[in-house]
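Participant:
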Amino acid sequence: MNKNILFLFIIFSSIQLSHAQYDSWSKAEVHFIDGTVKAGEAKLPIGGTGGPFYANDKLRFRIADRKPVKLIEAKKIEKVILKVSYTKKVKGKRIKKNREATIITINKNKKKNKKGFAELIVDGKVKLLKRKVNYNSNNRISVITESLLVRNEEVPIPFNYAELKSFRKRAMEFFSDCSSLVSKIENKVFKREELIAIVNYYNDNCAK
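So in the working numbering, spot 145 of the sequence shown is number 239, and the numbers just go up one at a time.
#1: Return the first residue and the last residue of the alpha helix (DSSP H) that residue 126 is part of.
#2: Would you list, in sequence order, the uninterrupted beta strand (DSSP E) runs of no fewer than 3 residues that lie entirely inside the stretch 135-221?
#3: Please confirm if the stretch 154-165 is in contact with the stretch 193-207, defined as three or more CB-CB distances below 8 Å between the two stretches.
#4: Could you check where the beta strand (DSSP E) with residue 237 kicks off and where it finishes?
#5: Which whole-angstrom value is the C-beta distance of residue 227 and residue 240, which I expect to be below 8 Å?
#6: Using the rule of at least 16 other Cβ atoms within 10 Å of the residue's Cβ for burial, across every protein chain shown, is residue 279 buried or exposed?
#7: Determine the extent of the alpha helix (DSSP H) in which residue 265 is found, giving its start and end residues.
#8: Can you check which of these residues, 263, 224, 233, is closest to residue 244 by C-alpha distance?
#9: Please confirm whether residue 168 and residue 210 have their CB atoms less than 7 Å apart.
#10: When DSSP builds the beta bridges, which residues end up paired with residue 281?
#11: Could you check the C-alpha separation between residue 157 and residue 122 for me, to the nearest Å?
#12: Would you grab the beta carbon distance between residue 172 and residue 127 for me? Rounded to a whole angstrom, and I think it's under 8 Å.
#13: Residues bridged to residue 252 by DSSP?
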């Protein structure tokens, strides 16, 4: 596959699913596993694409503008509520907007002893998540948004729009317990850019 075409599709996926600047300081409410909650500012780490996941992600956290900055391991956190900012083009002008993002912890390996962060886009038996990752193309690093599907407490599986040849096959396999959805994917009723609709359909019609 032409690497330039692949890169364009990856960039397209990042535009479609994310405006949030998670790597910038944002107002945050951190909910810990032990039930405590702390308010302040937080910054999410940027992960790496492909290969096994080795280390626990760490959230950078501070009380307002004060130092020191604390590094909190993902395994200690249940979720983070972020007040994130992004820009949206309206009638030729870029307008700054704010929204609330729910960040949850995910398993990074099958042993479930390494944890990471991802934003929750669709909740249910199957969750649609997204996270920022570093992408290396021709020795040039760029930041893209990676889409992830996760069932129950399993390790999330990347399902990005860049998977031109394998998306349908992999999606049909992932949702094999939902024959009506498999048929829609096979017949291109649902396409790779409709991940939100695909996950919602599964959770509404086939989740047990």
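We put the CB at the ideal spot given by N, CA and C, even for glycine.
In this text the structure is predicted, and so the values were computed from the model without any measurement.
Facilitator: Once the coordinates are examined:
#1: Element bounds for residue 126: not the alpha helix (DSSP H) but the beta strand (DSSP E), 120-126.
#2: Taking only runs of at least 3 residues, the beta strand (DSSP E) segments lying wholly in the stretch 135-221 are 152-156, 164-167, 171-184, 187-201, 209-216.
#3: With contact defined as three or more Cβ pairs closer than 8 Å, the stretch 154-165 and the stretch 193-207 are not in contact.
#4: For residue 237, the enclosing beta strand (DSSP E) has its first and last residue at 234-245.
#5: Yes, residue 227 and residue 240 are in contact; Cβ-Cβ is about 5 Å, under 8 Å.
#6: It is buried - the Cβ of residue 279 has at least 16 other Cβ atoms within 10 Å.
#7: In this chain, the alpha helix (DSSP H) harbouring residue 265 covers 261-268.
#8: Distance from the Cα of residue 244 is smallest, within the candidate group 263, 224, 233, for 224.
#9: Closer than 7 Å, so yes.
#10: Looking at the DSSP output, residue 281 shares a beta bridge with no other residue.
#11: Roughly 10 Å separates the two Cα atoms.
#12: So it is a contact: roughly 5 Å between Cβ atoms.
#13: The secondary-structure analysis by DSSP pairs residue 252 across a beta bridge with 242.
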